[in-house]
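Enquirer:
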Amino acid sequence: MEAAVRAMDATLQRVCRRLDSLEERVDAIPQMDATLNRVCRRLESLEAQVDAISQKVPDEVAFDKLHDMMQSLQEALAVQQTNIANNGVKTPIPATSCVHKATQAIDKRRNTVQGSACVPSPAPANIVPLPPAIIPVELIPSPTAQCLNSAIPPKSIQKPMTRQGTNDDDPVRAGSTASLVDKLPANSTKTTDPPQANENPVAVVPRQREPPAAGASKQHSKVDTSPDGATNGHGLVPVVPCRVLWLIWFKVVPSSSMARPLCVLDPLTLQGNDRKHFDNARSVVQWLIECGLIASEQGALCAMATQELMKVFLKALAHCLDVDDGEIEAGGRPVAHPSFRGMTLNQVASLNYVAIATSLGSWPSRSLVPDEMEVRHLAKRPRTDTATPSSIQTTVDHSRGRLNPLKLPPSTPNGLESSEFTYPITTCRHLWTLWFVGDGAVKLGPLRHVAYLGKSHAHRGRQYAATRVMSRMAATAVHLGLADSKDALTHWTKPMLVSIFDQVFGCMVGVQADGTTLVRPGVEQFTHGQVDGMTYAAAEQLLSRAPTAPNSNSVASNSTNLFDGQPLNHSLLRTNCCALWRLWFHGDMEAAVPLEPLRQRTAACYSNIATRQRWIHAKFVIEWMVKMALANDLAASEDELAAMPPSTGEHAFALAVGMKMDGSLSHPAFKTHQYDQVAAWTHLSVYNRLRRLKPGSIFRTRKSPAKLIKPVKMAEPMKITGLMKMVDSSASLVQRTISCHILVDFPDATCRDTWLYWFHGNDNDVGPLRLYTRRCTSNTKERCIKAAYVMHKIKTAALLHNVVASDEALSDLPREKLLEVFDGAFQRFLDVDATGACLRVGFKAFLFEKVAVMPLEAVWKMLIRPRGN
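Just so we're on the same page, the numbering used here is the position in the sequence shown counted from 1, plus 794.
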């Protein structure tokens, strides 16, 4: 036990000593920072000293003159040596000479020339030429150079420093010093020992620099449009080609001077040209991300390998320049982008990013209306980029080439009416919740409330792509029975939407039981994970080019293209309106080639022009039938019509052409024919008949826009009539099975009697009135709307207080039970107490029995405008 305690004590002591040493290192960090600052200041002073010394070094011309002078001095010394030898004076010739000894020799020569009159000239035979004296030049580093070598860190020794306006890596300049040494004798380049303290050696340093060329100081203010570009020399943000920018923006390149990626730089710490270069670089990268359909996060791009990152760059640049994927490797075809007209893909990639940002900012974007977007062929459809992922907080304005922050004004609740709003670039999974719920953390969405964006070409294309994808997914959810209608999805919560996304999206792409393989024609070359990771714009393009979605249960993987093939072409050519209704809403899964509902497609899905025109004509006929069916209360929305049986098409067509009891038609385009004849026509013949009419007479029930109910004047006296006021037999109510399109007059009755007529009708088989809520005459339409409002209130109270089990059970109850339900629900609605008095605001002055026999319009008036009793 004691040994264990001692061991633990020793371990704790070692830990304490280690902590003390770590604390000392942490405390020394500020001192290291101060030392680094002093070293930087020392380097700046040394650089200034080097510049001052370099100005004093003679150039090559001065060295040539010095060499010639040395040769002349050697010749003079040889002549003097010969004269001395002839005169008998023996003076030793030094083996080496210095500059000051050469000066002494010049003085001796001057004296010899002055006394040449008394000295006889030597005979030519006695003149022996001597070899020139060797004058060595000692290359000894000066104290300044020694200090410079010891102060510069190893990184600066390995790689020369660059300064603005110069190019120290120039091989011509780098070899200038070597050329000077080459002119010296071969044995004069050796380095002697360092000089002593009392000596003054001659230090040889590089020659003086040439003055910079004119305009060199303005090299940063001009845009270099050369393909290769050039670095900006001294600065944190270099000016490099676009492909190099993409690499150094996300990664650290060993050959670059950048110690960290550009994406992590703080622009607030940059000044001058560095800030301008960083803004241009960020705008170009943002342009590639948005127009190139890149949905990866910034961290994912930084973690990619260099080859994979460059593949992403080429594909994104091709999308930005509207180049097909098959032509990326060629790279020699001129691009169609207006800012780079006449250039190839490789040439644009070699431009420096400043030139690209300037070109993008100089070309205004062309406005494009939504109709033109839909008519254009899918292969020429604009490349729609997106939501900005969570890591990207800025958007680029392509028409001006500058960055705009994503601002959401507080005046609008969701920021959707802001002129600076842009659709985010994200996946279908994220867009699914943004479309119906939004994102409360960043105050974005729901995106379905966004109106038409009159912004740039890319922003509008992004909005149209999101709308098409979400409409297709909502229709699939309704088709699978996961939602009652498209409108029902707007009331779902985020967890509910997330729970059905995999099933809906999997049905759209035809995912198999293994969760990876896709069987939808045109998508089978991808996996489920790859399609799930695409942006919604890329997914929309892929799904639009692919044939119709497979069945949710099973589908053959070798299905043919159903849209451009002959089966659909002939079916649209020979189909009548009733059969077209079945194909449009329900498809034909029993055919040899299964056909999904045509309403899930768009005109851009058909590459064949003739098939596309027939689809447009079929859509016109279906819209005409749907509008007439909705106007006659056959359903409340188009989604409800799609959920009805296929036989509903016959009823909708009869309402559209205005069929009468004798089979004649009231529609102006078919009034000379019978119903059986028109029902046998193809939908193309019906289309041609409708197009001959004036635009206002096609939909004959749309005479004028709906009018609001006129307010009831409080001073108007109430009319207390009998139990029911019926009209003459020529305009009486009719049964539900007889010509439902005939207009009727809505009766004026008490609230209790209207409740009976609403669900049962009267003893003469007139009613139920709920089937005629929008087919009454113009004289009683206001009375019809008021009755529907009051009946809905009483029915809601009955369901809320469990007076009746369901809404469908009301129509099955007998008259006595139905009146009991009315009394119980109406009493709960009016808050009747034990004495029979009503406690609801507006009815406090009346008893329940009196209110039950009041006219319906009087009850409606007190509900809409209650008095303060």
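Glycine residues also receive a C-beta, built at the ideal position from the N, C-alpha and C atoms.
For A1446, which option in Q1335, M1419, A828 has the closest C-alpha, if you only look at C-alpha atoms?
Expert: The option with the nearest alpha carbon to A1446 is M1419.
Enquirer: What does the Cβ neighbour count give for V1058, buried or exposed, with the cut at 16 atoms within 10 Å?
Expert: Result: exposed.
Enquirer: Would you list the residues sitting across from A797 in a DSSP beta bridge?
Expert: Beta-bridge pairing links A797 to no other residue.
Enquirer: Count the other C-beta atoms from every protein chain shown that fall within 10 angstroms of the C-beta of E1651, then say buried if there are 16 or more, exposed otherwise.
Expert: With 16 or more other Cβ atoms within 10 Å, it is buried.
Enquirer: In the DSSP assignment, find the alpha helix (DSSP H) that holds Q1468 and state where it starts and stops.
Expert: Neither: Q1468 is in no alpha helix (DSSP H) and is coded neither H nor E.
Enquirer: What residue from F1623, E1602, D1617 has the CA that sits closest to L1594's CA?
Expert: Cα-wise, what sits closest to L1594 is F1623.
Enquirer: Measure the C-alpha to C-alpha separation of K1638 and H1285 and round it to an integer number of angstroms.
Expert: Cα to Cα, the separation comes out at about 37 Å.
Enquirer: Apart from the five residues just before and just after F780, which ones in its own chain have a Cβ nearer than 6 Å to its Cβ?
Expert: Here the chain has residues from 795 to 1663 only, and residue 780 is not among them.
Enquirer: Are the Cβ atoms of V1313 and G1304 separated by less than 7 Å?
Expert: The answer is yes: Cβ separation under 7 Å.
Enquirer: Taking the CB atoms as reference points, tell me whether R1223 and F1295 lie closer together than 7 Å.
Expert: Against a cut-off of 7 Å, the Cβ pair of F1295 and R1223 comes out as a contact.
Enquirer: Applying the criterion that 16 or more other CB atoms from any shown protein chain within 10 Å of the CB defines a buried residue, is C810 buried or exposed?
Expert: By the neighbour-count rule (16 or more Cβ atoms within 10 Å), C810 is not buried but exposed.
Enquirer: Please report the distance separating the alpha-carbon of L840 from that of A828.
Expert: Near 18 Å, if we compare the C-alpha coordinates of A828 and L840.
Enquirer: Using a 10 Å radius around the Cβ and a threshold of 16 neighbouring Cβ atoms, would you call E1417 buried or exposed?
Expert: By the neighbour-count rule (16 or more Cβ atoms within 10 Å), E1417 is not buried but exposed.
Enquirer: According to DSSP, simplified to helix, strand and coil, what is V1047?
Expert: Correct three-state label for V1047: coil.
Enquirer: Which value, in whole angstroms, describes the spacing of the CA atoms of C1632 and S1279?
Expert: Cα to Cα, the separation comes out at about 40 Å.
Enquirer: Are the beta-carbon atoms of F1553 and P1541 separated by less than 7 Å?
Expert: Cβ distance not < 7 Å, so F1553 and P1541 don't count as in contact.
Enquirer: In whole angstroms, what separates the C-alpha of P1649 from that of R1634?
Expert: P1649 and R1634: Cα-Cα distance of roughly 18 Å.
Enquirer: Return the CA-CA distance between T1100 and D845, expressed in angstroms with no decimal places.
Expert: Straight-line Cα distance between these residues: approximately 40 Å.
Enquirer: How far does the alpha helix (DSSP H) with W1229 in it reach, from first residue to last?
Expert: Element bounds for W1229: 1222-1230.
Enquirer: Can you tell which of S1441, W1654, K1575, L1435 has the C-alpha that lies nearest to the C-alpha of T1544?
Expert: Of S1441, W1654, K1575, L1435, the residue nearest in Cα terms is W1654.
Enquirer: Would you kindly work out how many angstroms separate the C-alpha atoms of A1430 and G1381, rounded to a whole number?
Expert: Approximately 22 Å, taken between the alpha carbons.
Enquirer: Does DSSP put M1656 in a helix, in a strand, or in coil?
Expert: In this structure, M1656 counts as helix in the three-state DSSP scheme.
Enquirer: DSSP three-state label for D1308, please.
Expert: D1308: coil per DSSP, three-state reduction.
Enquirer: Would you mind reading off the limits of the alpha helix (DSSP H) that contains V1615?
Expert: Looking at the DSSP string, the run of the alpha helix (DSSP H) that includes V1615 is 1609-1624.
Enquirer: Let me make sure I understand the geometry here. Which of S1600, T1548, A1582, E1576 has the alpha-carbon closest to that of R1609?
Expert: Of S1600, T1548, A1582, E1576, the residue nearest in Cα terms is T1548.
Enquirer: Using the rule of at least 16 other Cβ atoms within 10 Å of the residue's Cβ for burial, across every protein chain shown, is S744 buried or exposed?
Expert: Only positions 795 to 1663 of the chain appear in the structure, and residue 744 is not among them; the question remains open.
Enquirer: Mark L871 as exposed unless 16 or more other C-beta atoms lie within 10 angstroms of its C-beta, in which case mark it buried.
Expert: Classification for L871: buried.
Enquirer: Using DSSP bridges, identify the partner residues of T1138.
Expert: Bridge partners of T1138: P1128.
Enquirer: So is S1077 buried or exposed if we call it buried at 16+ other beta carbons inside 10 Å?
Expert: It is buried - the Cβ of S1077 has at least 16 other Cβ atoms within 10 Å.
Enquirer: If you run the structure through DSSP and keep just helix, strand and coil, what is S1133?
Expert: It is helical.
Enquirer: Is G1618 closer than 7 Å to R1647 when the C-beta atoms are compared?
Expert: Correcting the residue type first, residue 1647 is Val in the shown sequence and not Arg. No, they are not a contact pair.
Enquirer: For P824 and N831, what's the separation of their Cα atoms in angstroms?
Expert: Their backbone Cα atoms lie some 11 Å apart in a straight line.
Enquirer: Report the three-state DSSP secondary structure of A1631 (helix, strand or coil).
Expert: A1631 falls in the strand class under three-state DSSP.
Enquirer: Run through DSSP, which three-state label would M1302 get?
Expert: It is helical.
Enquirer: R808 to M826, Cα distance in whole Å?
Expert: When rounded, the distance between both Cα atoms is 26 Å.
Enquirer: Starting from the Cα of D1457, find the closest Cα among A1450, H1467, A1463 and give me that residue.
Expert: Here the sequence assigns Gly to residue 1457, which means Asp is not the residue at that position. Of A1450, H1467, A1463, the residue nearest in Cα terms is H1467.
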